Amino acid sequence: MVRFQDVSLRYGAGPEILDRVSLDLAPGSFHFVIGASGAGKSSLLKMMYLANRPTSGRISLFGRDVSSLSRHDAALLRRRIGVVFQDFRLLDHLSTLDNVALPLKVSGQRSDEIRKDVVELLTWVGLADHLDAKPATLSGGQQQRVAIARAVVSRPSLLLADEPTGNVDNRIAERLLYLFEELNKRGTTIVVATHNEALISRFNYPVIRLVRGEVRLEHAETLIRTSDMPGRAAADYGTRDTSLPVEGNPESAG
Ligand SMILES: Nc1ncnc2c1ncn2[C@@H]1O[C@H](COP(=O)(O)OP(=O)(O)OP(=O)(O)O)[C@@H](O)[C@H]1O
Numbered sequence: 212m213v214r215f216q217d218v219s220l221r222y223g224a225g226p227e228i229l230d231r232v233s234l235d236l237a238p239g240s241f242h243f244v245i246g247a248s249g250a251g252k253s254s255l256l257k258m259m260y261l262a263n264r265p266t267s268g269r270i271s272l273f274g275r276d277v278s279s280l281s282r283h284d285a286a287l288l289r290r291r292i293g294v295v296f297q298d299f300r301l302l303d304h305l306s307t308l309d310n311v312a313l314p315l316k317v318s319g320q321r322s323d324e325i326r327k328d329v330v331e332l333l334t335w336v337g338l339a340d341h342l343d344a345k346p347a348t349l350s351g352g353q354q355q356r357v358a359i360a361r362a363v364v365s366r367p368s369l370l371l372a373d374e375p376t377g378n379v380d381n382r383i384a385e386r387l388l389y390l391f392e393e394l395n396k397r398g399t400t401i402v403v404a405t406h407n408e409a410l411i412s413r414f415n416y417p418v419i420r421l422v423r424g425e426v427r428l429e430h431a432e433t434l435i436r437t438s439d440m441p442g443r444a445a446a447d448y449g450t451r452d453t454s455l456p457v458e459g460n461p462e463s464a465g
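Mapped onto the working numbering, the consecutive letters of the sequence shown carry residue numbers 212 to 465.
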């Protein structure tokens with residue numbers, strides 16, 4: 212699904228951010244990407260989304276070498292990728308519902324079906340009471356959940372999420388990861404970049420750790436356990452609930 216062969220990246224005359232990185236993410240896999248601030252997590256994801264070109268090396272997506280793609284083919288390929296950026300990129304003039312519905316409208320789905328799907332998803336992420344709200348009236352964490360709902364609503368083949376739980380409390384963060392897990396069970400390949408090692412240690416997936424431009428493959432379970440976390444943070448986690456979608460609001464669940 213995603214293959215990097217000896218991929219290096221530097222911005223302008225700056226230092227090497229990634230140094231001959233090789234990765235092979237199989238279709239249907241789930242990976243976390245972790246590393247210190249500035250380690251290159253966002254840069255790695257941006258290359259997977261074709262927003263950054265490597266300085267050297269080869270990147271293949273969906274089995275195709277991306278360096279040889281026409282602009283048109285690159286755009287078609289991007290349609291199969293759902294992305295959650297750190298800065299959300301919501302459309303200010305659209306409501307929560309319309310922001311999330313947009314990818315489905317573009318694909319030509321019937322509007323009554325779209326509304327049903329979108330309301331169900333927004334209920335899952337705890338935004339059932341904010342369907343008509345414009346982004347400017349939502350908190351950072353609420354905007355983040357709108358962005359996540361928009362990224363997953365069309366069930367992309369590949370989901371790239373950059374720090375998707377950075378603005379929500381641990382209980383909601385964990386719930387959002389269950390949403391990704393559920394999507395993964397239905398076939399979506401998932402890549403989640405995050406700082407939150409304690410959160411991902413509860414999930415049984417491989418970890419790509421970026422250290423000084425190189426990648427190390429680890430397993431989330433070997434990271435710090437939530438039971439090692441200071442009291443409040445550990446207690447914030449809810450009980451595991453993998454059904455999707457669900458009735459009710461995660462903010463009142465747990
Ligand atoms: N467009 C750019 N131009 C120049 N340097 C950049 C650019 N984007 C990122 N960098 C630099 O590349 C390095 C890696 O940045 P990146 O955002 O990929 O790291 P990160 O691991 O995602 O960090 P964080 O966890 O803080 O988001 C940093 O030193 C950053 O300053």
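The beta-carbon is built from N, C-alpha and C at its ideal position, and this holds for glycine as well.
No experiment lies behind these values; they were computed from the predicted model shown.
- From Leu301, Leu261 and Val295, pick the residue whose C-alpha is nearest to that of Ser279; which is it? Of the residues Leu301, Leu261 and Val295, the one whose Cα lies closest to the Cα of Ser279 is Leu261.
- Using DSSP bridges, identify the partner residues of Gln216. According to DSSP, which records beta bridges pairwise, Gln216 is partnered with Arg269.
- Message: Output needed for Ser254: all residues of its chain with C-beta closer than 7 Å, excluding positions within five of it in sequence on either side, in chain order.
- Response: Answer for Ser254: Leu220, Ile228, Leu229 and Asn263, listed in chain order.
- Message: Rounding to the nearest angstrom, what Cα-Cα distance links Ser365 and His430 in this structure?
- Response: Taking the straight line joining both Cα atoms gives about 29 Å.
- Heavy atom of ligand 1 less than 7 Å from the Cβ of Lys252, yes or no? Annotation for Lys252 indicates a beta carbon within 7 Å of some heavy atom of ligand 1.
- Message: Three Cβ pairs or more, each shorter than 8 Å: is that satisfied between the segment 419 to 428 and the segment 232 to 241?
- Response: Enough Cβ pairs lie closer than 8 Å, so yes.
- Message: Between the alpha carbons of Val330 and Pro226, how many angstroms are there, rounded?
- Response: When only Cα atoms are considered, Val330 and Pro226 end up about 46 Å apart.
- For Ala247, the three-state DSSP class (helix, strand or coil): In the three-state DSSP reduction, Ala247 falls in the coil class, being neither helix nor strand.
- Mapping DSSP to helix, strand and coil, what is His406? The answer is coil: DSSP assigns His406 none of H, G, I, E or B.
- Buried or exposed for Asp373, please, with buried defined as at least 16 other CB atoms from any protein chain shown within 10 angstroms of its CB. Only buried fits Asp373, as 16 or more other CB atoms lie within 10 angstroms of its CB.
- Message: When you measure from the CB of Ser412 to every non-hydrogen atom of ligand 1, does any distance come out below 7 Å?
- Response: No; taking the cut-off as 7 Å, the Cβ of Ser412 has no heavy atom of ligand 1 nearer than that.
- Ordered list of alpha helix (DSSP H) runs contained in the segment 345 to 375, each at least 4 residues: Correct list: 351 to 363.
- Measuring CA to CA, which of Ala409, Pro314 and Leu236 is closest to Glu385? Shortest Cα-Cα distance from Glu385 to any of Ala409, Pro314 and Leu236 involves Ala409.
- Message: Are the CB atoms of Ala404 and Leu256 within a distance shorter than 8 Å?
- Response: If you check the CB distance, Leu256 and Ala404 come in under 8 Å.
- Message: Does Leu390 come out as helix, strand or coil in the three-state DSSP assignment?
- Response: Residue state for Leu390 is assigned as helix, using DSSP reduced to three classes.
- Task: Using the DSSP secondary-structure output, state which residues sit across from Gly293 in a beta bridge.
- Result: Partner residues in the beta bridge of Gly293, as assigned by DSSP, are Leu370.
- Distance, Cα to Cα, Val336 vs Ser248? Their Cα atoms are separated by approximately 27 Å.
- Task: For the alpha helix (DSSP H) holding Val317, just list the boundary residues, first then last.
- Result: Val317 -> alpha helix (DSSP H) spans Thr307 to Val317.
- Item | Bridge-paired residues (DSSP) for Phe241 | For Phe241, the pairing in a beta bridge is given by DSSP as Ile401.
- Return the chain-ordered list of same chain residues with a C-beta closer than 8 Å to the C-beta of Arg289, the five sequence neighbours on each side being excluded. Short of 8 Å from the beta carbon of Arg289, and not among the five residues preceding or following it, lie these beta carbons of its own chain, in chain order: Tyr260 and Leu261.
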